[in-house]
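One structure is given here, and the rest of the page talks about it.
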Amino acid sequence: MGETTYGITAYHAAVDERTDLSAESDGHKPLTPHNLPGNEQMPTLASPSREDHNKVKAHIASVLKPAREALEQAIQDLQDLENGSKGETAVLRKAWLPEQISRYKTLVTSRQAEQNIVDEHDIKIGTLAAASGARLLEAPRIGGNAVTDTAKNSIVPWLMDWAAIKIDPKLEWSNNLEDPKHTKLTGGTKGKTRLNDMESANYYLIPNPRELDCEVAFHGRTSGWEFAELNCTQPLLNPIYCGKGRPSGKMGELDGRYKVSGEKPGYCWSFVPRTGYRRRDPCLSGDSGSVVLLDPENPPAHRGDDWWVSILFGHEHKSVDCMAPIENVIKDIEAVMNGKVVVPEQA
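The opening residue of the sequence shown carries number 127 in this note's numbering; numbering runs sequentially from there.
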């Protein structure tokens with residue numbers, strides 16, 4: 127068999143609560159074309175999302191309509207003045223109306239061009255090929271922990287939340303970075319990323335947050351480029367400890383999604399705001415599904431290829447965000463889809 131290109135995002139972003147598929151399928155089992163409920167079909171995916179696309183269309187329309195009305199009114203006013211309106215005010219208006227009409231025409235032309243681009247843009251990027259479901263995967267512990275080093279090689283339940291999208295063959299895709307933005311330090315000075323525009327990202331790394339320089343970066347739908355640090359302690363997701371201010375034992379959004387418990391918590395990695403940078407959530411609603419890349423202080427010798435670290439799938443409270451190690455995601459994809467992931471490959 128030949129190679130097929132897939133995009134990757136979060137399961138709950140590809141199969142959300144607004145779809146019939148989400149309501150009818152067992153969200154705690156892998157989803158493939160072979161186990162679809164009833165007469166359902168795998169959903170098509172869009173980029174930008176249909177929600178974002180429609181928001182842009184609505185914004186352009188909200189600007190274009192009053193601009194057209196203002197242009198028509200200015201043209202009519204000038205015509206009325208030329209047809210015989212008198213007085214000093216009329217003379218002054220007649221002098222500046224042509225310039226105003228020109229500005230309105232430029233605005234209308236610009237907004238109309240934007241509307242044409244949006245109307246003609248095909249937002250479909252592909253079809254869901256398979257997804258993890260919101261479930262736990264038994265896999266070896268990755269990395270060390272100051273409290274649990276003695277058990278670092280034990281098998282633990284990891285949170286899985288991924289979706290593979292079969293990319294439309296007419297589209298060209300590559301794992302290249304696009305203009306990684308510098309962020310701001312607390313004092314307002316520019317921060318620094320070691321990632322560069324158009325670098326490829328075709329490898330993944332299995333870091334130990336306690337032993338390696340683990341500064342990371344990702345590009346989110348909401349946040350844009352953000353920069354953070356891996357948390358050296360592996361978080362446990364369960365209804366007792368997850369969720370700021372939540373009464374003990376009460377389910378929250380994330381732990382409720384995975385049905386974890388105090389007896390069987392879910393393991394994940396997390397990151398926190400990078401030291402010295404602006405203090406705000408390093409992950410916002412809509413960022414789920416982003417690929418988290420290593421952004422090391424000491425760049426690797428083979429610059430030009432950046433390293434995947436994990437897939438971001440959510441956060442439950444401020445300053446701590448949850449992600450699945452890419453090694454686990456790749457192993458799960460291979461098992462669910464009965465294939466071999468060749469890109470990214472292990473560095």
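Just so you know, even glycine gets a beta-carbon here, dropped at the ideal spot from N, CA and C. Fair warning: this is a prediction, and the values are worked out from it, not measured in the lab.
By DSSP's criteria, residue i is part of a beta bridge. Which residues make up the other side?
i	result
D431	S326
V418	S436
I475	With the chain running from 127 to 473 in the structure shown, residue 475 is simply not present.
H441	D447
L356	F397
G350	G346
N302	S326
Q472	Y330
Which first and last residues belong to the alpha helix (DSSP H) in which residue i is found?
i	result
H345	Here H345 belongs to no alpha helix (DSSP H); instead the beta strand (DSSP E) covers 341–346.
E198	176–208
K155	Element bounds for K155: n/a, residue is neither H nor E.
D458	452–463
Hey, quick one: how far does the beta strand (DSSP E) through residue i stretch, first residue to last?
i	result
S396	395–399
Q172	One detail in the question is off: residue 172 reads as Ala in this sequence, not Gln. 170–172 is the span of the beta strand (DSSP E), which, as asked, contains A172.
R261	261–266
I281	281–286
For my contact list, residue i and residue j are in at a C-beta cut-off of 8 Å; report their separation, rounded to the angstrom.
i	j	result
E341	E423	6 Å
T170	K250	5 Å
Y103	E129	Any answer about residue 103 is impossible in this case: the structure gives the chain only from 127 up to 473.
D431	A327	7 Å
G252	G412	Not a contact, Cβ separation roughly 20 Å.
D458	M286	6 Å
A290	H138	Not confirmed; about 14 Å, so no contact.
Q226	L190	That pair is no contact at about 17 Å.
I477	V467	Residue 477 lies beyond the residue range present for the chain, which begins at 127 and ends at 473; the question has no answer from this structure.
A473	W288	So it is not a contact: roughly 20 Å between Cβ atoms.
I186	V244	6 Å
L262	G440	In fact, because the Cβ distance is near 15 Å, the residues do not count as touching under 8 Å.
Does any CB atom of chain C fall closer than 8 Å to the CB of residue i?
i	result
V282	Of the protein chains in this structure there is only one, and it is not chain C.
Three or more beta-carbon pairs under 8 Å between the segment 181–197 and the segment 154–161, yes or no? No contact exists between the segment 181–197 and the segment 154–161.
Should the segment 451–469 be called in touch with the segment 339–357, which here means at least 3 C-beta pairs below 8 Å? The way I'd put it, the segment 451–469 doesn't touch the segment 339–357; fewer than three beta-carbon pairs between them come closer than 8 Å.
Are the segment 224–233 and the segment 260–270 in contact at 8 Å, needing three or more beta carbon pairs? no
Within 8 Å, do at least three Cβ pairs link the segment 338–349 to the segment 414–424? By the C-beta criterion, the segment 414–424 is judged to be in contact with the segment 338–349, since at least 3 inter-stretch pairs fall below 8 Å.
With a threshold of 8 Å, are at least 3 pairs of Cβ atoms found where one atom belongs to the segment 294–307 and the other to the segment 255–263? no
Touching by the beta-carbon criterion (3+ pairs, under 8 Å), the segment 447–458 and the segment 382–399: yes
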